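Asker: Numbering (my numbering), first residue to last: 569 to 705. Here a beta-carbon is modelled for each residue, glycine too, at the ideal position from N, C-alpha and C. Since this is a predicted model, take the numbers as computed values, not measurements.
1. What first and last residue would you give for the beta strand (DSSP E) that runs through residue 589?
2. Determine whether the beta carbon atoms of residue 627 and residue 689 lie at a separation below 8 Å.
3. Ends of the beta strand (DSSP E) at residue 647?
4. Whole-angstrom Cβ separation of residue 603 and residue 674, contact assumed at under 8 Å?
5. Quick check on the burial criterion: 16 or more other C-beta atoms within 10 angstroms. Buried or exposed for residue 696?
6. Under 7 Å from any heavy atom of the ligand ZN, does the C-beta of residue 646 make it?
7. If you run the structure through DSSP and keep just helix, strand and coil, what is residue 619?
8. Exposed or buried, residue 685, counting other C-beta atoms within 10 Å across all chains shown (16 or more means buried)?
9. Could you tell me the distance, in whole angstroms, from the CA atom of residue 572 to the CA atom of residue 595?
10. Nearest to residue 692 by CA position, among 667, 608 and 649, is which residue?
11. For residue 649 and residue 574, what's the separation of their Cα atoms in angstroms?
12. Between residue 620 and the rest of its own chain, which residues show a CB-CB distance below 6 Å, the 5 nearest in sequence each way excluded?
13. Going by other Cβ atoms of all chains shown within 10 Å of its Cβ, with 16 needed for buried, is residue 569 buried or exposed?
14. With residue 666 and residue 682 assumed to form a contact (beta carbons below 8 Å), what rounded beta-carbon distance in angstroms separates them?
Printed below as a string of structure tokens:
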């Protein structure tokens, strides 16, 4: 079994007199499909789906890493796409915002199986670095 180690460190003075010091670490057991690290240029509308995170191919929980690596001030947006099962006369499927990343910001998100995530940039010059790893059972 392959593993990756996730680490989170939050430290600082915070906005109160309390000192912020959170350190967490977890070894995650993973399998294929996986993308170690890739980059993709984004459009200015929600259209980019990372191949295996399309809601049908990802039948197991997945760990997703995303980072805004744009050269300018573009933002990267992520949303969860609503899916419909069965027929629906006059229903509206609403997408749910998931993340908004400024330049240099990143997120590590454990996704449930069958989650469909899409991405866009605030401009067509936005670039996102990503990786995903399938959770081993």
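Answerer: Let me spell this out:
1. For residue 589, the enclosing beta strand (DSSP E) begins and ends at 588-609.
2. no
3. First-last of the beta strand (DSSP E) with residue 647: 644-648.
4. 15 Å between Cβ atoms; not a contact.
5. buried
6. The ligand ZN is not part of the structure shown, which contains no ligands of any sort.
7. strand
8. buried
9. Taking the Cα positions, residue 572 is about 6 Å away from residue 595.
10. 608
11. 26 Å
12. Only 601 and 626 meet the Cβ criterion.
13. exposed
14. Contact doesn't hold; Cβ gap of about 15 Å is too wide.
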